[in-house]
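See below for the structure under consideration.
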Amino acid sequence: TDVLVYGEPGTGISKVAEVIHLSSPLAQGPFEKRAAEGLNRAALAQALEAGTGGSLFLDEITRMPPDTQIALIEALEAGGTARLMAGSTAGAPETELNPDLYYRLEVGKIRIPALSERPEDIPVLFRHYVAQASEQAGIKAPEIAPDHLAALMAQDWPGNTRSLMSAAMRFVLGMPEEVAEAADLGLTEQLARVERALLIAALGRQNGRASEAARQLKLPRKTFYDKLARYGIRPEDFRR
């Protein structure tokens, strides 16, 4: 069955589509991703061929040129190509698509609710993103206070999971948690916070090896150590 995954921007549409693919009988086949905007007939044919035996995910399907939509309908009716998975952040995709294409996708229509509709999921997601960000930065995950989680749950999150992921990264790096907090700081303080976060991340990635971290940041060793002293950062705290 062809699938239409839709929701607000930042809800993780392509990720959900990939999970559906991996949970289907076609999981052993390819999962091809293409942007539908500006896709011509030739590029569509190549994408369908690449996804044969698996799934082809077309992002923002409503932006596909009308002529290409017709070509897609013809290819799907002929069969023998990839299973179609489409993504859309359009409020009403049925008004933007060729009716024949929409009715074909409507059978497998899946809506991803916005974070504001499921605040109970925010603590679980935030903990996951913090663990992920800590691993990427090579530093120990900081503790998350209950009142911090409560504050996160009280927000609307117009950018959805994408914004929550960014907030988790800022939290791990000790940067201003929200734009409002950053706006209250002067330029010097904002730059200092960013610089401190970069120093911490570099030390984390290098397991506390200051010389390697300095080399990675392209800083002379003395300059690097001066900055560590200024921010009260100790390389030994990052050795594992």
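So for the sequence shown, our numbering puts the first residue at 4; every next one is plus one.
C-beta: ideal position from N, C-alpha, C; glycine also.
Separation of the CB atoms of residue 65 and residue 42 is rounded to 12 Å, and the pair is thereby denied contact status at 8 Å. The alpha-carbon of residue 81 is positioned some 28 Å away from that of residue 18. Across the set 74, 62, 125, 128, the C-alpha of 62 shows the shortest separation from the C-alpha of residue 96. Looking from the CA of residue 155, the closest CA among 146, 118, 177, 73 belongs to 118.
Taking a C-beta distance under 8 Å as the contact criterion, residue 218 and residue 141 do not qualify as a contact pair. Annotated as distal: residue 83 and residue 56, with beta-carbon spacing of 8 Å or more.
Taking a contact to require three or more Cβ pairs closer than 8 Å, the region 97 to 108 and the region 4 to 12 qualify as touching. Residue 211 is positioned such that its CB atom lies closer than 8 Å to that of residue 242.
Relative to the Cα of residue 240, the nearest Cα in the group 221, 163, 203 belongs to 203. The three-state secondary structure of residue 203, taken from DSSP, is helix. Spanning the alpha carbons of residue 120 and residue 113 requires a straight line of approximately 16 Å.
Judged by DSSP secondary structure, residue 35 falls within the beta strand (DSSP E) whose first and last residues are 34 to 38. Following the DSSP letters along the chain, one finds residue 229 inside the alpha helix (DSSP H) bounded by residues 224 to 234. Nearest in C-alpha terms to residue 28, of all of 74, 85, 37, is 85. Per the DSSP secondary-structure output, residue 89 pairs in a beta bridge with 7, 61.
Where residue 112 is concerned, the enclosing beta strand (DSSP E) starts and stops at 112 to 115.
Between residue 73 and residue 101, the gap from beta carbon to beta carbon is short of 8 Å.
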